[in-house]
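Each residue of the sequence shown is one higher than the last, beginning at -2 in our numbering.
Beta carbons: idealized from backbone N, C-alpha and C, even for Gly.
These numbers were taken from a predicted model, which means no experiment stands behind them.
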Amino acid sequence: MPTQTLHISDKTFELYRSAEQLHAIVSRLAQELNRDYANQKVVFVIVLKGAYLFAADLLRKLNIDNTVAFVKVSSYNGTESSGAVKEQLPVTDDIFNQHVVVIEDIVETGLTMEFLLNSLKQRHPKTLRLCTLLHKPHRFKGNFTIDYIGENITDEFVIGYGFDYEEKGRNLPNLYQQRQ
Ligand code: IMP
């Protein structure tokens, strides 16, 4: 049985999705990608740090011809978006005329992703799609389509399975949500 309640710094988190539930979500997303990109070559752009566990699990379930690139964009301090987006580690791989799929941990306001998608578009990929494990639709202000969504969740802050609170909790196999 996974731990039900966690304390990190000043916050308390409760079990929200087990590793098994997360893997079922990831398997469904992998099926969708395998179907949509059958017989095509894809560049997967993995957004660091949060998407690292999700991407590792997802990519192992894909049978698509692919290469992997990494990007680091940051806008968060603690549990609040700082509003200012920075590309700390840009995509160095060639994406011109390629099918590109961005693999993200969560789209909340969409500010981070809007910035990244606009930056990638300037490099003229053949197609550009977005796959996110989680989405907080009530907070969304973006002007773009999310092509693949693992799960729409409520607004509370989550940690585990790649998600952190002040850089802690990323390695947890289960997902926890902040207690209200
Ligand atoms: P957005 O720009 O508001 O969409 O924020 C997206 C980024 O904020 C994600 O890539 C995460 O790194 C971070 N983030 C948003 N919500 C959470 C959360 O509940 N837990 C941990 N990180 C989060």
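{"Asked": "Cβ pair Val44, Ala66 closer than 7 Å", "Found": "no"}
{"Asked": "Same chain, Cβ closer than 6 Å to Phe137, five either side skipped, listed in chain order", "Found": "Gly107"}
{"Asked": "Residues bridged to Gln175 (per DSSP)", "Found": "Phe10"}
{"Asked": "Best match in Asn36, Asp54 and Leu50 for proximity to Ile61 [C-alpha to C-alpha]", "Found": "Asn36"}
{"Asked": "Continuous beta strand (DSSP E) assignments of at least 3 residues falling wholly in the segment 10 to 51", "Found": "38 to 45"}
{"Asked": "Local conformation of Asn94 per DSSP, three classes", "Found": "coil"}
{"Asked": "Contact test: Leu108 Cβ vs ligand 1 heavy atom, cutoff 6 Å", "Found": "yes"}
{"Asked": "Given 8 Å, three or more beta-carbon pairs between the segment 140 to 148 and the segment 24 to 33", "Found": "yes"}
{"Asked": "Beta-carbon spacing of Ser15, Asn171 below 7 Å", "Found": "yes"}
{"Asked": "Within the segment 92 to 154, ranges of the beta strand (DSSP E) (whole runs, at least 3 residues)", "Found": "96 to 104, 124 to 132 and 145 to 149"}
{"Asked": "beta-carbon Glu105 near ligand 1 non-hydrogen atom, thresh 6 Å", "Found": "yes"}
{"Asked": "Heavy atom of ligand 1 within 6 Å of Asp7 beta-carbon", "Found": "no"}
{"Asked": "Nearest residue (CA-CA) to Ile117, options Thr0, Val40 and Leu12", "Found": "First, the amino acid is wrong: residue 117 is Leu here, not Ile. Ranking the options by Cα distance to Leu117, first place goes to Val40."}
{"Asked": "Closer than 6 Å: Asp102 CB and nearest ligand 1 heavy atom", "Found": "yes"}
{"Asked": "Expected contact under 8 Å - CB spacing of Glu111 and Phe141 to nearest Å", "Found": "6 Å"}
{"Asked": "Residues bridged to Glu84 (per DSSP)", "Found": "Val70"}
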